[in-house]
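Per our numbering, the sequence shown runs over residues -10 to 218.
First the structure, in the form of structure tokens, and then the observations on it.
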Amino acid sequence: MPASRTSRTSLPRSTVTREHIIEAATRIADEESIEALTIRRLAADVGSGAMTLYSYFRNKEEILDAIADHVLGGFTLPPAEETEPRAVVQSLASAFLRMMREHPSIVRLFTTRVTTSPDSLRGAMEAVVGRLREVGFEGREAVQAYGLIVHYTLGFASYQAPRPWGKPDLPDVEELCRQRTHFYSALPLAEFPNLVSLAGDVTTLPSDEQFQFGLDCLLDGLLRRIQAN
């Protein structure tokens, strides 16, 4: 008789904890989608009944709040090796973008809810503002620099998410870029003269190169403003 099929995260009912549930929920939301995350699916994934989940969370919204708190609370500051303001903002922006790539669900959660747990405030806000103040951003300037980092990376991550040819970690990214460039270059020339002639450049819009270009422009303006004040 063949062994029964179980979830890869299946645990004895007595060992299912809030942390196990949050980790499984985060994985489903990241690897599939927030829509794919249902109470029934999550219960099956952790190897428990739905009532076990309801003993920790009243509904899916509370689970989504917990995912946001879990991911933001786990944000790790880059090593404090840089002391120059520009380099620090660069490293922080790169760290936020990396977090959003590793946890694509956080991009949507960031725009649909406000997280107020001590862990999320400490990890993704308090520590970041503190690092900015350490390297010379004073008071309100530190908060404004924080806002620039979060708003820019969130916007870029949202744009990049459905465009795989902009993701450098994918093994077939070169082929995806080639296909996208071909798509733009094959458009009717009379209707899209700019997209056709600049097909290769248009393909780079969701790339890290574009992210760096935009960040450099923002930093040029930010640092000039701070120096002027």
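Glycine included, each C-beta is placed from N, C-alpha and C at the ideal position.
Legend entry - CB of Leu53 within 8 Å of CB of Leu98, strictly: Their beta carbons are under 8 Å apart, which means Leu53 touches Leu98 by this criterion.
Legend entry - Inter-residue CB distance, Ser94 and Ala150 (contact presumed, cutoff 8 Å): Rounded, the Cβ-Cβ distance is 10 Å, inconsistent with contact.
Inset, instruction - Indicate whether Ala134 and Val78 have their beta-carbon atoms separated by less than 8 Å. - result: Yes; because the gap between Cβ atoms is below 8 Å, this pair is in contact.
Legend entry - Cutoff 6 Å; reference Ser(-1); Cβ partners in own chain excluding five residues on either side: Caution is warranted here: a pLDDT of 48 is assigned to Ser(-1), below 50, making its placement in the model unreliable, and the coordinate value is therefore given only provisionally. Result list for Ser(-1): Gly36, in chain order.
Inset, instruction - Return the residue from the list Val118, Asp197, Gly38 and Phe126 that minimises the CA-CA distance to Leu211. - result: Phe126 is the residue among Val118, Asp197, Gly38 and Phe126 whose C-alpha sits nearest the C-alpha of Leu211.
Inset, instruction - Locate the alpha helix (DSSP H) running through Ala13, then write down its first and last residues. - result: Ala13: member of the alpha helix (DSSP H) spanning Arg7 to Glu20, first to last residue.
Inset, instruction - Could you spell out the range, first to last residue, of the alpha helix (DSSP H) harbouring Asp158? - result: Neither: Asp158 is in no alpha helix (DSSP H) and is coded neither H nor E.
Legend entry - The alpha helix (DSSP H) enclosing Ile62, as first and last residue numbers: Residue identity check: residue 62 is Gly in the sequence provided, not Ile. Gly62 -> alpha helix (DSSP H) spans Lys49 to Gly62.
Legend entry - Validate contact between the segment 140 to 148 and the segment 157 to 170 using beta carbons, cut 8 Å, 3 pairs: With contact defined as three or more Cβ pairs closer than 8 Å, the segment 140 to 148 and the segment 157 to 170 are not in contact.
Legend entry - DSSP-derived helix/strand/coil call for Phe200: Residue state for Phe200 is assigned as helix, using DSSP reduced to three classes.
Legend entry - Residue from Val60, Gly155, Ala32 and Pro74 with nearest C-alpha to Tyr216: With the sequence shown as reference, residue 216 is identified as Gln, and Tyr is not the correct amino acid for it. Gln216 has its Cα closest to that of Pro74, out of Val60, Gly155, Ala32 and Pro74.
Inset, instruction - Flag this pair as touching only if the segment 57 to 66 and the segment 102 to 121 have three or more C-beta atom pairs under 8 Å; answer yes or no. - result: As far as the Cβ criterion goes, the segment 57 to 66 touches the segment 102 to 121, which means the pair count is three or higher.
Inset, instruction - Taking 8 Å as the cut-off, decide whether the C-beta atoms of Tyr173 and Leu165 are in contact. - result: Contact check for Tyr173 against Leu165 fails: the beta carbons are separated by 8 Å or more.
Inset, instruction - Flag this pair as yes or no: are the beta carbons of Val96 and Ser44 separated by less than 8 Å? - result: Not in contact: Val96 and Ser44 (Cβ atoms no closer than 8 Å).
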